[in-house]
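In what follows, a structure is listed as structure tokens, so that the remarks can point back to it.
Residue numbers (my numbering): 448 to 707.
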């Protein structure tokens, strides 16, 4: 792993034989630390992966275009978050399980006033979820289901019975993305991470609710008609972000862009 950006005059050049050394989890956590937040502040970052030709998935899943270091960063970003926000379709396709406590990050989380693991928050309008899965029945911290006020009452009752906490973030059936961010922050879940999928990320972008994009650029070509990292509604004027960091390993670029 090597840092390509930011580079300053004060950045020492690493020895040639250590330029591509493995980074420790502490170094990754420092590199991806959340910014300082005020008393009422919150920060939503997204973590996505894309091939060189813009595919966010292969055969419906992101794993085939990922890699070992990408998964290491994936775990680090989760370990830094209060809550992981994910769409219902991604939960179904990727086989989501509860976030686990990791000893390597225990002291860091305790110092930040966080619990042992982040909560998972599933965004869904239809509540079309299997509430018998471990994600709902046996998480380390209760899973949240973020939905609209007119969500099917029987499904809401089933979610509550399974042990999930239902968060209303919309006046109708659909979820208001910006309101979802505020509702989660109001529960003390201020360091937020979304892992998509593309439709949910597109909604956050359209609502101008996204503060940071952590994008892994995979050195692969997929062709086909795979989704981009963000879909759904378009924006009137594209949102401009500023580069915060670029890391590289084995041809993968690990980038971070933040709102200006």
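The C-beta atom is built at its ideal place from N, Cα and C for all residues, glycine as well.
Burial state of residue i (16 or more Cβ within 10 Å)
{"i": "residue 471", "result": "exposed"}
{"i": "residue 464", "result": "Bear in mind that a pLDDT of 42 at residue 464, under 50, signals an unreliable position, so the model cannot answer this."}
{"i": "residue 561", "result": "buried"}
{"i": "residue 716", "result": "Within the shown structure, residues of the chain are numbered from 448 to 707, placing residue 716 beyond reach of any answer."}
{"i": "residue 668", "result": "exposed"}
{"i": "residue 510", "result": "exposed"}
{"i": "residue 508", "result": "exposed"}
{"i": "residue 601", "result": "exposed"}
{"i": "residue 525", "result": "buried"}
{"i": "residue 497", "result": "buried"}
{"i": "residue 512", "result": "buried"}
{"i": "residue 619", "result": "exposed"}
{"i": "residue 550", "result": "exposed"}
{"i": "residue 635", "result": "exposed"}
Alpha carbon of residue i to alpha carbon of residue j, nearest angstrom
{"i": "residue 615", "j": "residue 531", "result": "17 Å"}
{"i": "residue 755", "j": "residue 565", "result": "The structure shown has nothing for residue 755, since the chain only spans 448 to 707."}
{"i": "residue 516", "j": "residue 545", "result": "21 Å"}
{"i": "residue 448", "j": "residue 474", "result": "11 Å"}
{"i": "residue 453", "j": "residue 692", "result": "6 Å"}
{"i": "residue 628", "j": "residue 685", "result": "21 Å"}
{"i": "residue 485", "j": "residue 658", "result": "15 Å"}
{"i": "residue 612", "j": "residue 468", "result": "43 Å"}
{"i": "residue 641", "j": "residue 492", "result": "6 Å"}
{"i": "residue 569", "j": "residue 622", "result": "11 Å"}
{"i": "residue 680", "j": "residue 704", "result": "21 Å"}
{"i": "residue 647", "j": "residue 579", "result": "23 Å"}
{"i": "residue 608", "j": "residue 583", "result": "10 Å"}
{"i": "residue 598", "j": "residue 696", "result": "44 Å"}
{"i": "residue 519", "j": "residue 541", "result": "17 Å"}
{"i": "residue 572", "j": "residue 495", "result": "23 Å"}
{"i": "residue 660", "j": "residue 585", "result": "30 Å"}
{"i": "residue 733", "j": "residue 479", "result": "Missing from the structure shown is residue 733; the chain here goes from 448 to 707 and no further."}
{"i": "residue 529", "j": "residue 670", "result": "36 Å"}
{"i": "residue 604", "j": "residue 593", "result": "14 Å"}
{"i": "residue 595", "j": "residue 522", "result": "30 Å"}
{"i": "residue 576", "j": "residue 543", "result": "11 Å"}
{"i": "residue 558", "j": "residue 672", "result": "45 Å"}
Contact set for residue i: own chain, Cβ-Cβ below 7 Å, skip 5 residues either direction
{"i": "residue 481", "result": "490, 527, 638"}
{"i": "residue 488", "result": "637"}
{"i": "residue 645", "result": "503, 674, 675, 676, 677, 678"}
{"i": "residue 687", "result": "707"}
Same chain, Cβ closer than 8 Å to residue i, neighbours up to 5 away in sequence not counted
{"i": "residue 563", "result": "548, 553, 556, 587, 588"}
{"i": "residue 699", "result": "514, 516, 517, 663, 664, 665, 666"}
{"i": "residue 476", "result": "523, 526, 527, 552, 555"}
For residue i, the residue or residues it bridges with in DSSP
{"i": "residue 704", "result": "660, 690"}
{"i": "residue 639", "result": "491, 530"}
{"i": "residue 583", "result": "Its beta-bridge partners do not exist; DSSP assigns none."}
{"i": "residue 497", "result": "664"}
{"i": "residue 699", "result": "696"}
{"i": "residue 449", "result": "695"}
{"i": "residue 508", "result": "505"}
Close beta carbons around residue i, own chain, < 6 Å, minus the five adjacent residues each side
{"i": "residue 682", "result": "653"}
{"i": "residue 630", "result": "614, 616"}
{"i": "residue 651", "result": "624, 657"}
{"i": "residue 702", "result": "662, 693"}
{"i": "residue 590", "result": "567, 582, 583, 611"}
8 Å Cβ cutoff, residue i in contact with chain C
{"i": "residue 666", "result": "Absent here is chain C; the protein component of the structure consists of one chain."}
Quiz item: For the segment 587-644, which segments carrying the alpha helix (DSSP H) assignment without a break, of at least 4 residues, lie completely within its bounds, in sequence order?
Solution: Runs found: 600-609, 624-633.
Quiz prompt | Length-filtered (4 minimum) alpha helix (DSSP H) runs lying within the segment 538-583 | solution = Entirely contained in the segment 538-583, the alpha helix (DSSP H) runs reaching 4 residues are, in chain order, 550-558.
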